[in-house]
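Here's the structure, in structure tokens; my notes come after.
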Amino acid sequence: MCATVVAQIATASCLLFASVAVHADDLFKVSSPDGTINVNVEVGDTVAYSVTVDGKTVLRPSRLSMTLADGVKLGAAPELIGQNTRSVNQVLEPVLRVKSAEIIDSFNELKLDFSGNYSVVFRAFDNGVSYRFETNLPGDITVQSEGVEFLLSEGSSTYFPKEDKFESHNERTYLVKKVADLTNDDLGSLPVLATSSGVKLLISETDLRDYAGMWVRGTSRNSFSAVFPKRALKTKMDETRRWDRNEYVTERADHIAKTAGTRTFPWRFIAIARDDADLVTNQLSFQLASPLEIKDPSWIKPGNVAWDWWNYNNVYGVDFRAGVNTETYKYYIDFAADYGLDYIIMDEGWYRLGDLLDVVPEIDVQEIIDYGKQKGVGVIMWVIWKTLDEQLDEAMDQFEKWGAAGLKIDFMQRDDQWMVNYYWRMAEAAAKRKLLVNFHGAYKPAGIRRAYPNVLTREGLKGLEHNKWAKTITPTHNLTIPFIRMVAGPMDYTPGAMVNSSVENFRIVFNRPMSMGTRAHQMAMFVVYESPMQMLADNPSNYRKEHESAVFLGKVPAVWDETKVLSAKIADHIVIARRSGDDWYLAAMTNEQSRSLEVDLSFLQGGGFKMVSFEDGVNADRYASDYKRREQNVSAEDTLTLKLAPGGGWVARLER
């Protein structure tokens, strides 16, 4: 079961004097289990909290509030009527082992109850802090606004995903700036990373449900303040281009949500890392989310996927005309079966836009799915979100009748309350029919994957597809997203390019795209990047031509039993080891700088391993597709020296 509690200790407040202190001057403190992180809560004219790490202030007193439509402001002139504390130490077993088969969920909690039937709950973990509102009000309520501040220390810096407006796919590169230089004109999506007093703070939210998503703005005060898209009242489809997918909000309400009066609200959390590597292993986004809502999730199968759209279906060496047709997709299925992939995707083109039941004459969906079943390969089907919503029951029933494995739902590009609820409706409707889900054109992961693990992955980042029209997917970008976007949850970057280019030789070719960085850089992504529905973006003909690389990629698991980050620095490099069963996978990536890395294999246990590795070829700096495959025996006593070309990488499978 998802999030099975293997061991749990919940201790009454009377036993928590060491971790939670209450003072007569309305100051409260809750500490992490190891005592190094403290949340200090002040209850005066407002409710505010600050955070210290190893005695250093990383978050100055930051106010929190929630204003309801009747003028009541929760958190203003608060009257404390009670408090509760507890300690939890449990082991969670997620359905999707994105980072590990087990998650240690250990925290101390402080709950402050206020007159007016609301509470604020704070939690302190060894690697972060969080808080949220809880209300116990009759009927429905209207949330006018929510006040959220993050006041950082002087001189703080940030990796800021600057946005233009709330209608966004949240596909951004990161601006490296001083927090004090950001103004109210600077809108950013989440997650956002800051360095305060030398400590990394990743700000995001989770357990987002029946509410608007949180964004941030600069304030010119070394701080971020939250901002939320107002509830959509009227929308209009853009009929000038791609009319079926771009729906814009033309009128918004004066509030962010209408919701139940008795409920818990989304967690605002800060992942805390003294070392950049600790960001990659942080799982607060999952730990704080609502538990499993699928009674029997045993049918949910993660896996690797052959993807058609990025490579423009440019298969070759065949005796049929390549394109969006039955023959081409059978060819994808043959490739997937031959190389051990679990799924293929039928992306845009298989149906006439505007009607999911109007299949183009070149496609026989039933024949393709049946052929895939014969070969042990499932079929994922791409859909526009709006059309799916309009034809929901009829279309979902048809996908189930065909025997589709799942859906890729695309182009939502909003996270106001209505759209957040759309994600939950689609996850539930798909789960009822045992369909997997991949959200594209999506906001960041915010907790739904724990309740509905059939949601395997989502986009919400700038990935490989941008190589088809831009030069922004640089090795530095590729070494930034694991420390920011991936902390929130799985990311469908869609790696696997077999046509590779150095930065200086990179060209934009929409129909025959290439990647920036070396072949080994691309291959390492399959171990570094987390996605239980991991795409192979290039075309089957290229993979067959690059047989050695394809054989290796076909064996890389999509989920992991254990993760160890051996060395890491944001935007610079990463060395990571992941275990699946008895086998280990080891990968390294670098930015535009070449480098040599020493890797200690002492994490290996239980004797020797056969290692098959792919490294940058001696000429990879000139010809980025150059690589060398090696086989050797290694053990825990060995140390490897990895030599990475500019934009390079290294990847290996270690079999016991």
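All residue numbers for the sequence shown refer to our numbering, where the first residue is -1 and numbers rise by one.
Glycine is no exception: its CB is placed at the ideal position from the N, C-alpha and C atoms.
Everything numeric in this text was worked out from a predicted model, so none of it was measured.
Would you mind giving the Cβ-Cβ distance between residue i and residue j, rounded to the nearest angstrom? I have them listed as a contact below 8 Å.
i	j	result
M587	H519	6 Å
V303	M531	6 Å
L459	E169	6 Å
D345	W380	4 Å
V96	E528	5 Å
L191	T156	6 Å
L90	D111	27 Å between Cβ atoms; not a contact.
L188	V146	The pair is not a contact, with the Cβ atoms about 11 Å apart (cut-off 8 Å).
M489	I479	7 Å
G606	H167	So it is not a contact: roughly 47 Å between Cβ atoms.
I'd like the list of long-range same chain contacts for residue i, defined as Cβ closer than 6 Å, with 5 residues on each side in sequence excluded.
i	result
I574	V526, V563 and A585
P555	S578
S48	N38, L57, R58 and P59
L180	G216
R542	none
S218	T181
D391	none
N134	N115 and T260
R243	I382 and F409
Who are residue i's beta bridge partners in DSSP?
i	result
S48	N38
N106	S85 and A122
Q372	Q372 pairs with nothing; no bridge assigned.
G301	M531
M587	I572 and G647
A449	Note: A449 sits in no beta bridge, so no partner.
A320	In DSSP, A320 forms no bridge with anything.
S117	D111 and E132
I382	D408
Cα separation between residue i and residue j?
i	j	result
A429	R448	13 Å
D52	L534	43 Å
N312	A320	7 Å
C12	F437	Here C12 scores only 34 on pLDDT, less than 50, and its place in the model should not be relied on; the value that follows carries that caveat. Answer to the nearest angstrom: the Cα atoms are 45 Å apart.
I446	W422	7 Å
Y491	G461	4 Å
S401	V375	As written in the sequence, residue 401 is Gly, which differs from the Ser given in the question. The alpha-carbon atoms of G401 and V375 are separated by roughly 11 Å.
M496	L551	11 Å
Y498	P511	Correcting the residue type first, residue 498 is Asn in the shown sequence and not Tyr. Distance between the alpha carbons of N498 and P511: 9 Å.
P31	I270	14 Å
I407	V649	31 Å
F601	M609	15 Å
K163	G211	13 Å
Y625	H545	13 Å
T326	K466	21 Å
W582	Q81	47 Å
A403	F397	8 Å
N115	D580	52 Å
G196	T233	44 Å
F73	E107	The amino acid at residue 73 is misidentified as Phe; the sequence shows Gly. Those two C-alpha atoms are separated by around 19 Å.
G645	L477	10 Å
N617	I35	48 Å
M64	F26	20 Å
T470	D306	22 Å
T472	H571	13 Å
Are there 16 or more other CB atoms within 10 angstroms of the CB of residue i, so buried, or fewer, so exposed?
i	result
K54	exposed
K293	exposed
S594	exposed
Y172	buried
G69	exposed
E613	buried
N631	exposed
F508	exposed
M484	buried
A75	exposed
F318	exposed
A258	exposed
Y657	Nothing in the structure corresponds to residue 657, since the chain is present only between -1 and 654.
Only counting the same chain, and skipping five residues up and downstream in sequence, which positions put a Cβ closer than 7 Å to that of residue i?
i	result
A251	K228, R229 and L231
G338	G552 and K553
G126	F267, I268, A269, I270, N280 and L282
V119	E107, K109, Y129, R130 and E132
Step through the CB atoms of chain B and report whether any lies within less than 8 Å of the CB of residue i.
i	result
P493	You won't find chain B in this structure, because it holds only one protein chain.
Enumerate in chain order the residues of its own chain whose CB-to-CB distance from residue i is below 8 Å, with the five nearest sequence positions on each side excluded.
i	result
A634	L599, S600, F601, L602 and Q603
T324	E360, I361, D362, E365 and I366
V557	L94, R95, V96, P300, P530 and S578
Any heavy atom of the ligand FAD closer than 7 Å to the beta-carbon of residue i?
i	result
K543	Looking for the ligand FAD in the displayed structure turns up nothing, as the structure carries no ligands at all.
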